[in-house]
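Quick note: the sequence shown, position 304, residue 305 per the working numbering, numbers continuous. Note that beta-carbon positions come from the ideal geometry of N, C-alpha and C, so glycine has one too. Note that the coordinates shown come from a computational prediction; the quantities given were computed from them, not determined experimentally. Below: one structure, written as C-alpha cells.
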Amino acid sequence: MPSWTAARRRPASRSPRRRKRRDWSACGTAGAPRKSGGASPHRPPEPAVSRTVVFVGAAGQLARDLARVWPEAHPDDRVIGLKHSDIQVENRESVHSALVPLEPQLVVNLAAYHRVDEIEDRPDRAFAVNTVGPRHLAMTCRELDAELLHFSTDYVFAGHQRRPYVESDAVEPLSVYGASKVAGEMLVRLTWPKHYIVRSCGLYGTAGSAGKGGNFVETMLRLGAAGGPIRVVDDQVVTPTATLPLARQVAQICRQQPHGTYHAVCHGWCSWYEFAAEIFRQAGVSADLKPQSTAESGAKAPRPPYSVLANANLERLGIDVMPDWRAALHAYLAERSAAA
C-alpha cells in the first residue's frame, strides 16, 4: 500500500483543454525541438483537471517539500508517496506492481543512492539504484503513457571549467556516483521521451537527508554549538540549494513545460567553506572555522572543483523562480527558528 496520499480538491465541472503535443526531449536541451529522427515534435499535454502523481522515494527532504508545495501548485492532483518499503526501483517487478495499479499520469523519481564516498566501494549498488532504477521507472511510464521526472546532480560534470554549466554542456563524471547518475540520465532519455531530468546541487531541507543523516546546514550548526574546531573544504565551488524553493520550481516545470533537461539551483555560488561561514554569520554563531583542501579532508571519492549550474533552460522559458542562495539560507534558518 502507498505510504501516504494527499487528496486533491474537488475538481471543477469542466473538460480538460487539450493542445497539440510537441517533443522537446532532445538530450541536454529544453525549449527547442529535436532536429534528428524526423519524429513529430510534441509538447507535454496540459495537465488534466484531475491526475494522479506518484512520488517515488517519498521519505527524503526534497520529497517532503514537494508534498508541501504540490497542493497549492496543482490543487486538482491526487498525490501518492511511495517509500522504499513500497517500491524498490532496482527491481523491475517491484516497480511494475507498485505503479501500474495506481495508473499515474506523472511519476517523480526521488529515489537515489548518494553516499558519494561509500559508493566508490559499492558500484554495483550505485548502478542498480541510480542507473537501472530510472530505466525501470521509464519503462513503466512508457507502458502507462505517464510523464517521468527524474532528479540528477552537478556531479555529472568534471568541474574543469570556470563558468556555470548549462544543460547542453558535455558530461564528464569524476566519481562512481557521478557515473551512475550520468548512466541513469542516458537510460531515461533512451527509454521514454516524455521525461524531465532536473539537475541540482548542494541540497538541504528542513527534513534533512535520510541517506546522509542530516544536511550540511544542520551539521555546521551542531558542530558550532559543540565549540570544537571546524574544517571545511574551500576548493570546491558549488551552489547551495534549499529544497523548498527547488520544490516550487519543480512544480512549475511540471506545469505544461517542454520535456527535456533542466538545471534548477539557487543563484550565485560559493565554496563549502564560504557556505559554512555564511551559515554561522546568519545564525549568529561564533565558530572556530578554518578552511582546508579536498586532499586534506581525506575524501575517498573525487569531487568536481567547480560544479556551479546555470538555470539556462528555465531562464529561456521565463520560469526561473529560484532565489539567491543567501536569501534561501535566510528563509531556511527563519523557518527552523520558528519551528523550534
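| How is G225 classed by DSSP in three states: helix, strand or coil? | Taking the sequence shown and counting its residues from 1, the one referred to as residue 225 is at position 224. Note: G225 maps to helix in three-state DSSP.
| Close-in-space but distant-in-sequence residues of the same chain around Y263 (CB under 8 Å, 5 per side omitted) | Counting from one through the sequence shown, the residue named residue 263 turns up at place 262. So the list reads A31, E168, Y197, I198, V199, R200, I254, N312, N314 and L315, once near-sequence residues are dropped.
| message | Count Cβ pairs between the stretch 83–91 and the stretch 99–110 that sit closer than 8 Å; are there 3 or more? | response | yes
| Apart from the five residues on each side of it in sequence, which residues of its chain come closer than 7 Å, Cβ to Cβ, to L138? | Taking the sequence shown and counting its residues from 1, one reaches residue 138 at position 137. Closer than 7 Å at the Cβ level, and outside the excluded window around L138, lie V57, V90, V96, V108, N110 and L149.
| said: Here's the rule I'm using: 16 or more other beta-carbon atoms within 10 Å means buried, otherwise exposed. How should P105 be labelled? | reply: For the purposes of this step, residue 105 is taken as the residue at position 104 of the sequence shown. So P105 ends up on the buried side.
| task | Output the distance between the C-alpha atoms of W326 and L247, rounded to the nearest integer angstrom. | result | Taking the first residue of the sequence shown as 1, we reach residue 326 at position 325. Taking the first residue of the sequence shown as 1, we reach residue 247 at position 246. W326 and L247: Cα-Cα distance of roughly 11 Å.
| message | With a threshold of 6 Å on Cβ separation, who are the neighbours of A180 within its own chain once the five nearest residues in sequence on each side are excluded? | response | Mapped onto the sequence shown, residue 180 falls at position 179. Excluding positions up to five away in sequence, the list reads P174.
| said: Suppose you measure from the CA of L1 to the CA of Y178; what does that come to, to the nearest Å? | reply: In the structure as shown, the chain starts at 2 and stops at 341, and residue 1 therefore has no counterpart that could be examined.
| query | If you run the structure through DSSP and keep just helix, strand and coil, what is R69? | reply | In the sequence shown, residue 69 corresponds to position 68, counting from 1. Three-state DSSP puts R69 in a helix.
| task | Can you give me the Cβ contacts of I231 inside the same chain, cut-off strictly under 8 Å, excluding the 5 residues immediately before and after it? | result | By 1-based counting over the sequence shown, the position of residue 231 is 230. The residues are M221, L224, G225, A277, A288, D289, L290 and K291.
| Cα separation between E119 and T207? | Along the sequence shown, read from residue 1 onward, the residue named residue 119 stands at position 118. Along the sequence shown, read from residue 1 onward, the residue named residue 207 stands at position 206. Roughly 24 Å separates the two Cα atoms.
| task | Could you have a look at F128 and say whether DSSP puts it in helix, strand or coil? | result | Position 127 of the sequence shown, counted from the first residue, corresponds to residue 128. Helix.
| field | G179 - DSSP class collapsed to helix/strand/coil | value | Position 178 of the sequence shown, counted from the first residue, corresponds to residue 179. Correct three-state label for G179: helix.
| query | Alpha carbon to alpha carbon, how far is E144 from T192? | reply | Sequence index remark: in the sequence shown, residue 144 carries index 143 (1-based). Sequence index remark: in the sequence shown, residue 192 carries index 191 (1-based). In a straight line, the C-alpha of E144 is about 11 Å away from that of T192.
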